[in-house]
Amino acid sequence: MKKLSLLILSVIIAFSAIDTVKAQEELQIGYVNPQAVLAKMPEMRAIQQRLQNFAERKQQELAQQEQEFQTAVAEYQQKAGVISEEANQREQERLGQMQQQLTVAQQEAEQALQQRRQELLSPMFSQIDAAINSVAEDMGLTYVLNTTTSSGDQIILYASPEFQEKYDITDAVMQELGVFN
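If you use the working numbering, the sequence shown corresponds to residues 12 to 192, in order.
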């Protein structure tokens, strides 16, 4: 009975191993660097210029608010010794509110810049995504990995030269988009 159980267990393990090997053989993984593709797209230069112009406008608005705040602080410091305690208190409250408004304006400017960036880049990301899907389907890939995070940190730390040659689809994606390196 022990021999029969051992034989059945061996057969099950053998079939599991065969299934695992087949699954590994069928699994095709490619990778792409979307940031490199994005950088090569001709629309990117215009988008970067629009973002820079937007950021400069926001920076000018913030600089004007900062100047108004600094002027108000300087005026307060000049008259702080000669005004009543009650007026002094009101003036400090007003300056505190101005400073808080400036902080809020800075946060809102950062959020507006991020939102504008997303609005401008979203269509390009959609194009890149469609091209990646098309290339992956043409190559019969099971998965496509991103080589880097959005902050530029590498995800794929090593790929053998043969793997790179066969499964780095960055150039194919650029070709699908009509962008040549």
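Note that beta-carbon positions come from the ideal geometry of N, C-alpha and C, so glycine has one too.
Keep in mind the model is a prediction, meaning the values are calculated, not measured.
Please work out which residues of its chain come closer than 8 Å, Cβ to Cβ, to residue 180, disregarding the five sequence neighbours upstream and downstream, and give them in chain order. By 1-based counting over the sequence shown, the position of residue 180 is 169. The answer, listed in chain order, is 41, 42, 43, 143, 146, 147, 150, 152, 155.
Here's the rule I'm using: 16 or more other beta-carbon atoms within 10 Å means buried, otherwise exposed. How should residue 48 be labelled? For the purposes of this step, residue 48 is taken as residue 37 along the sequence shown, with counting starting at 1. Buried: at least 16 other Cβ atoms inside 10 Å.
Length of the line joining the Cα atoms of residue 84 and residue 90: By one-based count along the sequence shown, residue 84 stands at place 73. By one-based count along the sequence shown, residue 90 stands at place 79. Taking the straight line from one Cα to the other gives about 10 Å.
Compute the beta-carbon to beta-carbon distance between residue 52 and residue 184, rounded to the nearest angstrom, for a pair I have assumed lies under 8 Å. Indexing the sequence shown from 1 puts residue 52 at position 41. Indexing the sequence shown from 1 puts residue 184 at position 173. Actually they are not in contact, since the Cβ atoms of residue 52 and residue 184 sit about 11 Å apart, beyond 8 Å.
Quick one: using the 10 Å Cβ neighbour count with 16 as the cut-off for buried, is residue 188 buried or exposed? Counting from one through the sequence shown, the residue named residue 188 turns up at place 177. Buried, by the Cβ-count rule.
Taking the alpha helix (DSSP H) that residue 169 belongs to, which residues open and close that run? Counting from 1 along the sequence shown, the entry for residue 169 is found at position 158. From DSSP, residue 169 is part of no alpha helix (DSSP H); its letter is neither H nor E.
Can you look up residue 38 in the DSSP assignment and give me helix, strand or coil? Your numbering for residue 38 matches position 27 in the sequence shown. Three-state result, residue 38: coil.
DSSP beta-bridge partners for residue 43? Residue 43 sits at position 32 when you count from the first residue of the sequence shown. BP columns for residue 43 point to 157.
Which listed residue (159, 73, 175) has its alpha carbon closest to that of residue 119: Position 108 of the sequence shown, counted from the first residue, corresponds to residue 119. Among 159, 73, 175, the Cα nearest to that of residue 119 is on 73.
Just confirm the distance between the C-beta atoms of residue 69 and residue 124, as a whole number of angstroms; I'd bet it's less than 8 Å. Position 58 of the sequence shown, counting from 1, holds the residue named residue 69. Position 113 of the sequence shown, counting from 1, holds the residue named residue 124. Sure, about 6 Å apart at Cβ, within 8 Å.
Of all the options 174, 103, 170, which has the alpha carbon lying nearest to the alpha carbon of residue 88? The sequence position of residue 88 within the sequence shown is 77, counting from 1. Comparing Cα positions, the closest option is 103.
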